[in-house]
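Novice:
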């Protein structure tokens, strides 16, 4: 069930949980990634919270347009005070899930004690990027967002720009996605584990696999491995907790750098911005 009818409001999240409310939720509290996506789609949250990676202040890389819209940030979700959540009088909490079982950034118990339903939408590699964006569009529509979904044409144009730029750059433009873990350590992304990276590969971008080793989403290793892979372009984790990739012996000299937020808001507009920035560098 999705939307509002004679029996009230309902929505099935990506854990298979059937959520119900007497009427369409008007006051939404969300994980910052989900909240930024909803804002792009026409639904403004009353507040957002962060993950365990986040601090007391919002991460600019993850904030999207939330700060400009005046949406309050509550700090990390695991430390969210139950009374503070209750004071916001939420009708719905929106989180993400990577395993299809549990919300990522907020324990269910506080929401349950406040008596508010919690929707968790998948952002893992069990869905394609288009499917992930589509599910957020469905939730936004159920919450009263305008139709059609904003930004769809922009994403199509950005994907076309990536396809053209990747074809012009050719096989020699080797692209590596990574998250800096300090002066010694780096986390190298496995492209198939990230829906947006898998989509870029489908558009012709030559993404490098870091090779065998532990880790489903990342291979954690030394910077020398990144150097050995000889990327011509690096997508680097731009979130506040990741260290910058610049430094002696970390990357090949002259490698182009493009910021990448592994928690891009799942909206057409947000992914269009990222794809356009990559296309512009590929086209140089």
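Numbering (my numbering), first residue to last: 676 to 959. Using N, Cα and C, we set each Cβ at its ideal position, and we do this for glycine too.
1) Look up residue 904 in the DSSP assignment and say whether it is helix, strand or coil.
2) Under the three-state reduction of DSSP, which class applies to residue 943: helix, strand or coil?
3) Pull the bridge partners of residue 751 from the DSSP assignment, please.
4) In this structure, how does DSSP classify residue 898 when only helix, strand and coil are distinguished?
5) Can you tell which of 723, 758, 785 has the C-alpha that lies nearest to the C-alpha of residue 744?
6) Which residue from 735, 833, 746 puts its Cα closest to that of residue 953?
7) So, under 8 Å CB-CB, residue 852 and residue 872 are touching, yes? Tell me the CB distance rounded to an integer number of Å.
8) In three-state terms, what does DSSP make of residue 794?
9) Could you tell me which of 694, 885, 935 sits nearest to residue 900, measuring between CA atoms?
10) Among 772, 785, 878, 800, whose alpha-carbon lies nearest the alpha-carbon of residue 868?
11) Taking only the alpha-carbon atoms, compute the straight-line gap between residue 689 and residue 794 and give it to the nearest angstrom.
12) In terms of residue numbering, what span does the beta strand (DSSP E) encompassing residue 934 cover?
13) Tell me whether residue 685 sits in a helix, a strand or coil according to DSSP, three-state version.
14) Let me confirm a value: residue 958 is counted as buried when at least 16 other C-beta atoms fall within 10 Å, else exposed. Which label applies?
15) Which class does residue 769 belong to by DSSP, given the choice of helix, strand or coil?
16) What is the DSSP secondary structure of residue 734, counted as helix, strand or coil?
17) Cα separation between residue 790 and residue 738?
18) Need the endpoints of the beta strand (DSSP E) that residue 849 sits in, please.
19) Beta carbon of residue 797, beta carbon of residue 807: below 8 Å?
20) Counting only the same chain and skipping the five closest in sequence on each side, list residues whose C-beta sits under 6 Å from that of residue 765.
21) Can you check DSSP and say which residues form a bridge with residue 706?
22) Who are the Cβ neighbours of residue 844 in its own chain at under 7 Å, not counting the five residues just before and after it?
23) Apart from the five residues on each side of it in sequence, which residues of its chain come closer than 6 Å, Cβ to Cβ, to residue 927?
Specialist: Let's see:
1) As a first step, residue 904 is located in the chain shown; it is residue number 229 there, counting from the start. Looking at residue 904 - three-state DSSP - the assignment turns out to be coil, as it is neither helix nor strand.
2) What you label residue 943 is simply residue 268 of the chain shown in a count that begins at 1. DSSP places residue 943 in helix when its eight states are reduced to three.
3) In the chain shown, the residue the question calls residue 751 occupies position 76. 725, per the DSSP bridge assignment.
4) Translated into positions along the chain shown, residue 898 becomes position 223. Three-state result, residue 898: helix.
5) Locating residue 744 in the chain shown gives position 69, counting from the first residue. Closest option to residue 744, Cα to Cα, is 723.
6) Working through the chain shown from its first residue, we reach residue 953 at position 278. Here the closest residue by C-alpha is 833.
7) Counted from its first residue, the chain shown places residue 852 at position 177. Counted from its first residue, the chain shown places residue 872 at position 197. That pair is a contact at about 6 Å.
8) Position 119 of the chain shown, counted from the start, is the residue given in the question as residue 794. Strand at residue 794.
9) Numbered from its first residue, the chain shown carries residue 900 at position 225. When only C-alpha atoms are compared, the closest one is 885.
10) Walking along the chain shown from the start, residue 868 turns up at place 193. Comparing Cα positions, the closest option is 800.
11) Counting from 1 along the chain shown, the entry for residue 689 is found at position 14. Counting from 1 along the chain shown, the entry for residue 794 is found at position 119. Distance between the alpha carbons of residue 689 and residue 794 is about 8 Å.
12) Counting from one through the chain shown, the residue named residue 934 turns up at place 259. Taken as a continuous stretch (DSSP letters only), the beta strand (DSSP E) holding residue 934 covers 931 to 935.
13) On the chain shown, residue 685 is found 10 positions in, with the first residue counted as 1. In this structure, residue 685 counts as strand in the three-state DSSP scheme.
14) In the chain shown, counting from the first residue as 1, residue 958 sits at position 283. The residue in question, residue 958, is exposed, as its Cβ has fewer than 16 Cβ neighbours within 10 Å.
15) To locate residue 769, count along the chain shown from 1; it is residue 94. In this structure, residue 769 counts as strand in the three-state DSSP scheme.
16) On the chain shown, position 59 is the one that residue 734 refers to. In this structure, residue 734 counts as coil in the three-state DSSP scheme.
17) Within the chain shown, the letter at position 115 stands for residue 790. Within the chain shown, the letter at position 63 stands for residue 738. Distance between the alpha carbons of residue 790 and residue 738 is about 27 Å.
18) Within the chain shown, the letter at position 174 stands for residue 849. That run of the beta strand (DSSP E) goes 849 to 855.
19) Counted from its first residue, the chain shown places residue 797 at position 122. Counted from its first residue, the chain shown places residue 807 at position 132. Cβ distance < 8 Å, so residue 797 and residue 807 count as in contact.
20) Residue numbering aside, residue 765 sits at position 90 when the chain shown is read from its first letter. Closer than 6 Å at the Cβ level, and outside the excluded window around residue 765, lie 702, 704, 791.
21) The count along the chain shown starts at 1 and reaches residue 706 at position 31. In DSSP, residue 706 forms a bridge with 724.
22) Translated into the one-based positions of the chain shown, residue 844 becomes position 169. Cβ neighbours of residue 844 beyond the five flanking positions: 957.
23) Position 252 of the chain shown, counted from the start, is the residue given in the question as residue 927. Only 905 meet the Cβ criterion.
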